[in-house]
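One structure is given below, encoded as structure tokens.
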Amino acid sequence: MEHPENSSEYAGLQVNSGVEQPAIINPYLNRSRFRRRELSAAEMVEGIIKGDVTILSQAVTLVESVNPNHQAKAQEVINKCLPYSGNSIRIGISGVPGAGKSTSIDEFGIHVLKEKGGRLAVLAIDPSSERSKGSILGDKTRMEKLSTHPDSFIRPSPTAGSLGGVARKTRETIILCEAAGFDKIFVETVGVGQSETACHSMVDFFLLIQLAGTGDELQGIKRGIMEISDGIVINKCDGENVDKCHMAATNFRNALHFFPKSESGWQPKVLCYSGFYALGIKEVWDMIYEYVDFVKANGYFDYRRNEQSKYWMYESINEHLRLNFYNNAQIQELLQEAEHSVLAGRQTSFTAAQSLLDVYYRSLCSK
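Next up, the structure:
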């Protein structure tokens, strides 16, 4: 471009165009050298069975993808891994945010790997933002010991809008981890409430982490979450908080007597420990293994696994129907219209929903 300074008005002033800047990216760079080769389903299964954590991570990413092509391949991988799964202890860990779940998992994991050996997988569920839809996925940074241990695998996953405190694909990820040789699996929830019990439907032992001295103790003694707990542990039992923890443990034990007996016949125990100082960790693991031996002896272990498989079959049907409804072309056209009708007060939410469902059913019948 000609500079205005070179006009006759500015005699004696000369401005040159300058040197053309080189490209930021090397034009001779061969991008294909750095592109990762896509593995087939058979290669993925072979790598998982060999215990390759890199391929396992790729498979989990495939399972979490919403791409229909990825989903078809993921289901093929899961079905081929299914015969190699089931040989693990699945432990769900829940508690209010700040109860010390990640710190406790770090200590629990290091202890069991040192005492029992084997391999440990941690499936940490991170809440997704309702606004940005993003997740921090930073749980790994709070598990300093496990994150560098050669026999551990930590996988943070976003909830992506799923209820129940666990990611929608966690159940399938457990199968992949078991096929990869992980014999102990932790499922850390985002901190469940009274009615969110999806985590309980995919683990063998449900551990509830509580705190003492944080206010109204009755907030922790509520039926929804207490009834599904196989063990209750009170964290941060150290320093000046020891007496408060033991007092809270007594309150929890008394409350448990008013609950109906569980299907397994197991009476949940209440223990105190300190995740930060690694105190009482052995006692917690002794409780878990005592429970596993108890339910295996009376047959409840296999019964619960079968019931969980049935539960997730129905959950998968519900999920498939929901996605099929929203991906229906006719429904997508009518959704905005129905929404405006509800907001304008011409229809109630229920009649609008029913009319959309009627259209959906008619579209199915016409196929």
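Quick note on the numbering used here: the sequence shown kicks off at -13 and runs consecutively.
Every residue, glycine too, gets a C-beta built ideally from N, C-alpha and C.
As the structure is a prediction and not an experimental result, all values here were calculated from the model.
For residue 372, which residues of its own chain have a beta-carbon under 8 Å away from its beta-carbon, when the five flanking residues on both sides are left out?
Residue 372 lies beyond the residue range present for the chain, which begins at -13 and ends at 353; the question has no answer from this structure.
Give, in chain order, every unbroken run of the beta strand (DSSP E) that is at least 3 residues long and sits entirely within the segment 206 to 264.
The segment 206 to 264 contains these whole beta strand (DSSP E) runs: 217 to 220 and 255 to 258.
So, helix, strand or coil for residue 268, using DSSP?
Helix at residue 268.
Please report the distance separating the alpha-carbon of residue 87 from that of residue 6.
Roughly 57 Å between the two C-alpha positions.
Any idea which residues DSSP pairs residue 93 with across the strands?
Residue 93 pairs with nothing; no bridge assigned.
Which value, in whole angstroms, describes the spacing of the CA atoms of residue 45 and residue 30?
Residue 45 and residue 30: Cα-Cα distance of roughly 7 Å.
So is residue 129 buried or exposed if we call it buried at 16+ other beta carbons inside 10 Å?
Classification of residue 129: buried, given that the 10 Å Cβ count is 16 or more.
Please state if the CB of residue 349 and the CB of residue 316 are separated by a distance shorter than 9 Å.
The answer is yes: Cβ separation under 9 Å.
Candidates 305, 346 and 237: which alpha carbon is nearest residue 258's?
If we check each option's Cα against that of residue 258, 237 comes out closest.
I need the DSSP call for residue 332, collapsed to helix, strand or coil.
Here residue 332 sits in coil by DSSP.
Could you pull out every residue in the same chain whose Cβ sits closer than 7 Å to the Cβ of residue 346, ignoring the five residues on either side in sequence?
Closer than 7 Å at Cβ, skipping near neighbours: 311, 314 and 317.
Are at least three pairs of beta-carbons, each pair with one atom in the segment 327 to 337 and one in the segment 213 to 229, less than 8 Å apart?
With the cut-off at 8 Å, the segment 327 to 337 and the segment 213 to 229 do not touch.
Is residue 255 buried or exposed, if buried means 16 or more other CB atoms sit within 10 Å of its CB?
Under this definition residue 255 is a buried residue.
Can you tell me whether residue 351 is buried or exposed, with buried defined as 16 or more other CB within 10 angstroms of its CB?
Burial call: exposed.
Looking at the structure shown, is residue 83 part of a helix, part of a strand, or coil, going by DSSP?
Coil at residue 83, not helix or strand.
Where residue 156 and residue 41 are concerned, what is the direct C-alpha to C-alpha distance, given to the nearest angstrom?
Taking the straight line from one Cα to the other gives about 17 Å.
Please work out which residues of its chain come closer than 7 Å, Cβ to Cβ, to residue 68, disregarding the five sequence neighbours upstream and downstream, and give them in chain order.
Hits under 7 Å: 161.
So residue 196 is in the beta strand (DSSP E); what residue range does that whole segment cover?
Residues 191 to 196.
Among 56, 229, 309 and 251, which has the Cα closest to the Cα of residue 290?
Closest by alpha carbon: 251.
Could you tell me which residues DSSP pairs with residue 109 in its beta bridges?
Note: residue 109 sits in a beta bridge opposite 141 and 173.
Measuring CA to CA, which of 27, 170, 72 and 288 is closest to residue 60?
For residue 60, the nearest C-alpha among the options comes from 27.
Does residue 77 come out as helix, strand or coil in the three-state DSSP assignment?
Note: residue 77 maps to strand in three-state DSSP.
Starting from the C-beta of residue 137, find all residues in its chain whose C-beta is less than 6 Å away, skip the five residues before and the five after it, and write them out in chain order.
Taken in chain order, the residues that qualify are 99 and 105.
Given that a residue counts as buried once 16 or more other Cβ atoms are within 10 Å of its Cβ, and exposed if not, what is residue 196?
Buried: at least 16 other Cβ atoms inside 10 Å.
Smallest Cα separation from residue 282: which of 91, 8, 107 and 191?
Nearest of 91, 8, 107 and 191 to residue 282, Cα basis: 191.
Buried or exposed: residue 144, going by 16 or more other Cβ atoms within 10 Å of its Cβ?
It counts as buried.
Keeping to the same chain, check which residues put their C-beta closer than 7 Å to that of residue 339; ignore five residues upstream and five downstream.
Counting only Cβ-Cβ distances below 7 Å, and skipping sequence neighbours, we find nothing.
Would residue 49 and residue 159 qualify as a contact pair, given that the criterion is a beta-carbon distance under 9 Å?
Result yes, Cβ atoms of residue 49 and residue 159 sit closer than 9 Å.
Work out the CA separation of residue 193 and residue 244 for me, nearest whole Å.
Residue 244 and residue 193: Cα-Cα distance of roughly 19 Å.
Just confirm the distance between the C-beta atoms of residue 275 and residue 187, as a whole number of angstroms; I'd bet it's less than 8 Å.
22 Å between Cβ atoms; not a contact.
Note down, in chain order, each residue of its chain lying with its Cβ closer than 6 Å to the Cβ of residue 354, except the 5 sequence neighbours on either side.
This structure does not reach residue 354, given that the chain is present from -13 up to 353, and the question cannot be answered.
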